[in-house]
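Here is the structure we will look at.
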Amino acid sequence: MRKFMQTIFVFRTVVAVLILFAFWAAAGTGLCSEIKTVAVFPFEMNSSQDLGFLQNGLFSMLSSRLSDAGKVNVLDRETVDKALADAKASGLVKGSFNESSARDLGAQMGVDYILFGSLTHYGESLSLDASMVDVTGQKKTLAFFEQSNAMGDVIPLVNSFAGDINMKVFNRNIDNKLYARPQEETPTLGGLQYAGGAGLYGGGMMAMQASQGFTTHLKTDDVIRAMATGDLNKDGRLQVVTATDSALQIHHLEGSLFTEETHLDYASYLRIIGLDVADINGNGYPEIFVTAMTINRETLSSFVVEYNGSSYVTLQDGLPYYFRVIDSADGNPVLYAQEKGRGPYAGTIYIMSPANDTYREEKAIRMPRGTSVLALARGPVRKDSGDEFLSINQHHRLVLISDTGSDEWESTEQYGKTNNYWFTGAQGGDITFREREYFNPRIKFHPVGEDQKEKVFVITNNEVGGGALGRIKRFKEGRVDVMSWNGIALAPVFQTVPLQGWVSDFDIADIDNDGIEELVISVVTRSKIAILAKDQTSNIISYKLK
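Written as structure tokens, this is what we have:
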């Protein structure tokens, strides 16, 4: 009996030891391991552009992909930035971050892993170089290096690297599809096409529709250079103002077609390139601000027109400004003006205020070089409540500008472009060989879509031969893109079908007074006889935005 009891005791002891050993083994393999802590340090940006927005985006993407509640904790950006600043101040980290300094700093911070790297951007090329360092040195540093010829590959590269870390460091297998933004239904916006969503650096493929979705309101055998809308004579309905080279046409809608109610001719030496409508002087009648050059395309001669209760009169003329009315943060229209300067993208831009029967420069605003007021708008880009500027610069790139006037982001793709131009270089020379500075069209913020958030409306005109025809622009097609910030860049969400010719201007208004706003577009088409023939005809079309 005693021998039997001893056997039972030994058996129980062995079982207890085995259970305890199994527990220790489980702890050693991570099954019952403690929470691991990761510090993601700001990636070094090697680029001629300011990629601070992308640096922030990389931190956010990597943090979200590596965090695992109860298992992996990623430190917040503020904690990481403070630790790095203190390390540099104390001399612990000198120069560029490397594996050795990562371990030293990680030990001081008390974290398990340090993630750091760099992103190099040149032209359209991109390379991502990153390292995941085990602070204890027990595990080999996980290195990652990939190159791509498309900026749109940033997210796939980050997904791939995060997947490697999760699998090789934390023994997690996360499908990259889980990182994608859920989208249960394809968004709609009236007759516009869905552009595939606000991806990283582009909207993806267009979802082609059988119906073009627009209504044609006007066809004219002339070139419409600019367009604007407003209730000019306070009759309760909107007028659409169009501008040809040296004349204004004021229309209203009758059924589905525009009827011209007033035609205003001006000096034949004028060349109109911009229109805006707003009641800036506060007398109840909106002014028409007309940006015009002289025929030599070297001098500005803009003017202001207003309805006085019986007819349209010129309030001022011969003004040396480019004009653009831009909505403020509270939705009220503000008149901006840019002086001639050395060219269309060089003059100082002012906020203007009414003064008796004229307008005066109230305040100069800071803008980056290469900004034209004709392609400038103000509104929220990166945050719903933000108040930033957006422009199309002289190289036809979208530029995000802070409220202090600094560049924050620049697109890699070209937008805008028109056939309106300014002569540069020596005056009086043979215009056949004079260089041309082409103007970009307006851009506009407007709330649309199911979320009714402010989005950016941008004209995109595509040149024949991709612009290889030299100094004279000819366009094969144009469209309007509706764009939204995706956390990294502006990308198309909706767009019109490609329209033959080029889009000269647009506005957003309820032109038929049915409670639904329309995107109203002026499209210029060329003669069908020859691809290099002059532009000859124009159409006004509209899309329902609901």
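Going by the working numbering, the sequence shown opens with residue 373, and the numbers climb by one from there. C-beta: ideal position from N, C-alpha, C; glycine also.
Check: Alpha carbon to alpha carbon, what distance is there between Ser468 and Tyr915?; Outcome: 53 angstroms
Check: Nearest by alpha-carbon distance to Leu590: which of Leu625, Ser497, Glu670 is it?; Outcome: Leu625
Check: If you check the beta carbons only, do Asp536 and Phe516 fall under 8 angstroms apart?; Outcome: yes
Check: In whole angstroms, what is the alpha-carbon distance linking Ser744 and Ile721?; Outcome: 8 angstroms
Check: For Glu826, count neighbouring Cβ atoms within 10 angstroms of its own Cβ and tell me buried if that reaches 16, exposed if not.; Outcome: buried
Check: How big is the Cα-Cα spacing for Met599 and Leu620?; Outcome: 9 angstroms
Check: Alpha carbon to alpha carbon, what distance is there between Ser856 and Phe817?; Outcome: 10 angstroms
Check: Is it the case that the Cβ atoms of Val875 and Ile831 are separated by a distance below 8 angstroms?; Outcome: yes
Check: Report the rounded CA-to-CA distance for Ile913 versus Val613, giving the unit in angstroms.; Outcome: 14 angstroms
Check: Count the other CB atoms, across all protein chains shown, that sit within 10 Å of the CB of Met539; report buried if there are 16 or more and exposed otherwise.; Outcome: exposed
Check: Taking all protein chains shown into account, do 16 or more other C-beta atoms lie within 10 angstroms of the C-beta of Asp756, making it buried, or fewer, making it exposed?; Outcome: exposed
Check: Is there contact between the segment 629-646 and the segment 886-893, where contact requires at least three CB pairs shorter than 8 angstroms?; Outcome: no
Check: With distance defined between alpha-carbon atoms, name the residue in Pro716, Asp617, Glu782, Lys712 nearest to Arg808.; Outcome: Pro716
Check: Since Glu835 is in the beta strand (DSSP E), which residue starts that stretch and which ends it?; Outcome: 825-835
Check: Asn911 to Thr592, Cα distance in whole Å?; Outcome: 6 angstroms
Check: Hey, out of Gly719, Val446, Leu691, Leu430, whose CA is closest to Thr730's CA?; Outcome: Leu691
Check: Could you tell me the alpha carbon to alpha carbon distance between Glu678 and Leu642, rounded to whole angstroms?; Outcome: 19 angstroms
Check: To the nearest angstrom, report how far apart Asn543 and Ala441 are at their CA atoms.; Outcome: 15 angstroms
Check: Closest by CA to Pro528, which one among Leu430, Lys606, Ala457, Gln710?; Outcome: Leu430
Check: In the DSSP assignment, find the unbroken alpha helix (DSSP H) run with Met539 in it and report its ends.; Outcome: 526-540
Check: Taking only the alpha-carbon atoms, compute the straight-line gap between Gly788 and Thr686 and give it to the nearest angstrom.; Outcome: 30 angstroms
Check: If distances are taken between C-alpha atoms only, which option among Asp689, Gln824, Val828 comes closest to Gly751?; Outcome: Val828
Check: Can you give me the C-alpha to C-alpha distance between Ile888 and Val820, rounded to a whole angstrom?; Outcome: 11 angstroms
Check: Taking the alpha carbon of Gln673 as the reference point, which residue from Ala664, Ser490, Gly509 has its own alpha carbon closest?; Outcome: First, the amino acid is wrong: residue 673 is Ser here, not Gln. For Ser673, the nearest C-alpha among the options comes from Ala664.
Check: Could you check where the alpha helix (DSSP H) with Glu450 kicks off and where it finishes?; Outcome: 449-462
Check: Would you give the residue range spanned by the alpha helix (DSSP H) that Gly478 belongs to?; Outcome: 471-481
Check: Just list the beta strand (DSSP E) runs in the segment 748-820, keeping only unbroken ones of 3 residues or longer that don't cross its boundaries, in chain order.; Outcome: 748-751, 760-764, 769-773, 779-786, 793-795, 808-810, 815-820
Check: Just to confirm my understanding: we take Val452, look at its own chain, exclude 5 residues before and 5 after, and list those with CB closer than 7 angstroms. What are they?; Outcome: Ala411, Val412, Phe413
Check: For the beta strand (DSSP E) that Pro726 lies in, which residues bound it at each end?; Outcome: 721-727
Check: So Leu762 and Ala749 are in contact, right, with Cβ under 8 angstroms, and what is the actual spacing, rounded?; Outcome: 5 angstroms
Check: Drop a sphere of 10 angstroms on the beta-carbon of Ala747, count the other beta-carbons inside from all chains shown, and report buried for 16 or more, exposed for fewer.; Outcome: buried
Check: Counting only the same chain and skipping the five closest in sequence on each side, list residues whose C-beta sits under 8 angstroms from that of Leu917.; Outcome: Leu561, Gly562, Leu564, Val820, Ile880, Ile888, Glu889, Glu890, Leu891
Check: Could you tell me the alpha carbon to alpha carbon distance between Asp594 and Glu785, rounded to whole angstroms?; Outcome: 31 angstroms
Check: Using 8 angstroms as the threshold, is the C-beta distance between Ile764 and Asn812 below it?; Outcome: yes
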